[in-house]
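Enquirer:
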């Protein structure tokens, strides 16, 4: 099936190559699309700050289970690197970000960059799928430790069975199992009351990064559930605007001014 992406570029051309951010949509691995209207505004906002944005589609689990979505996400990085000159992108300054299922895939791209079994055969094999910064909004990091939460049909479909049936797949699909000292900086933002992906998933991923001596930031959003829904009488904190500023600052630090 054809896999497409949407690009967003600065309105005013920039003479020198610019950093890029690849966005991976959420939707439980079985739904969602690269062009969700909620994200388009945010992509345009990031582009005004000098980033090339690529929002990608990938094979959903109803078409192909794990590792297809990871393969397609990594393929997008290789494609962008192969076409960097065409789009005035700096091939050594590529970040990746995603929400929920997309956050999981972003962490897989960031941490499993040396895993040949996850590269797939989508093309551009001569180019690296390594990225220089990762941002995950409430993405799962360990399917084994949270198997009870991930026993719903969408997760079983994505992983091809239950934990009892596919223990090795559950391990292979968990970003936390790929953390090494060479991984890129990571920003995780997660609602403390998340009813879909437990907040402790992000705590564990953050701790794994710390133990490896890596740079990581974990932002806990108070009073917030999945997708930062307000679940108490108090407003979420930090606010949605503040969350977006944290993400922008993260990518500016690691992709715009780090070189």
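Numbering (our numbering), first residue to last: 30 to 288. Heads up, the beta-carbon is just placed ideally off N, CA and C, and yes, glycines get one too. What you are looking at is a predicted structure, and each value in this text was computed from that prediction instead of being measured.
1) Can you tell which of 65, 55, 118, 102 has the C-alpha that lies nearest to the C-alpha of residue 39?
2) Would you mind giving the Cβ-Cβ distance between residue 52 and residue 127, rounded to the nearest angstrom? I have them listed as a contact below 8 Å.
3) Excluding five sequence neighbours on each side, which residues of the same chain lie with their C-beta closer than 6 Å to the C-beta of residue 283?
4) At 4 residues or longer, what runs of the alpha helix (DSSP H) sit wholly inside the region 157–199?
5) To the nearest angstrom, report how far apart residue 217 and residue 241 are at their CA atoms.
6) Taking the runs of the beta strand (DSSP E) that are 3 residues or longer, which of them lie wholly in the region 222–276?
7) Can you confirm whether the region 136–146 touches the region 191–200 when touching is taken to mean that 3 or more C-beta pairs between the two stretches lie within less than 8 Å?
8) Can residue 183 and residue 59 be called in contact, C-beta distance under 7 Å?
9) How many Å lie between residue 229 and residue 181 at the Cα?
10) Under 7 Å, Cβ to Cβ, is there at least one residue of chain D near residue 80?
11) Let me check one thing: in DSSP terms, what residues is residue 286 bridge-paired to?
12) I need the straight-line Cα distance from residue 202 to residue 257, nearest angstrom please.
13) When we look at the beta-carbon of residue 109 and count the other beta-carbons within 10 Å, is it buried (16 or more) or exposed?
Expert: Short version:
1) Within the chain shown, the letter at position 10 stands for residue 39. The shortest C-alpha separation from residue 39 is found at 118.
2) Residue numbering aside, residue 52 sits at position 23 when the chain shown is read from its first letter. Residue numbering aside, residue 127 sits at position 98 when the chain shown is read from its first letter. Contact holds; Cβ gap of about 6 Å.
3) By 1-based counting over the chain shown, the position of residue 283 is 254. Hits under 6 Å: 162, 214.
4) 182–188
5) As a working mapping, residue 217 is identified with position 188 in the chain shown. As a working mapping, residue 241 is identified with position 212 in the chain shown. Approximately 16 Å between the Cα atoms of the pair.
6) 245–250
7) no
8) By one-based count along the chain shown, residue 183 stands at place 154. By one-based count along the chain shown, residue 59 stands at place 30. It is a contact, given that the beta carbons lie within the stated cut-off.
9) For the purposes of this step, residue 229 is taken as the residue at position 200 of the chain shown. For the purposes of this step, residue 181 is taken as the residue at position 152 of the chain shown. Residue 229 and residue 181: Cα-Cα distance of roughly 18 Å.
10) Looking for chain D here will not work: only one protein chain is present.
11) If you number the chain shown from 1, residue 286 lands on position 257. DSSP output for residue 286 lists no bridge partner at all.
12) For the purposes of this step, residue 202 is identified with residue 173 of the chain shown, where counting begins at 1. For the purposes of this step, residue 257 is identified with residue 228 of the chain shown, where counting begins at 1. Going from the Cα of residue 202 to the Cα of residue 257 covers about 24 Å.
13) Translated into positions along the chain shown, residue 109 becomes position 80. Residue 109 should be labelled buried.
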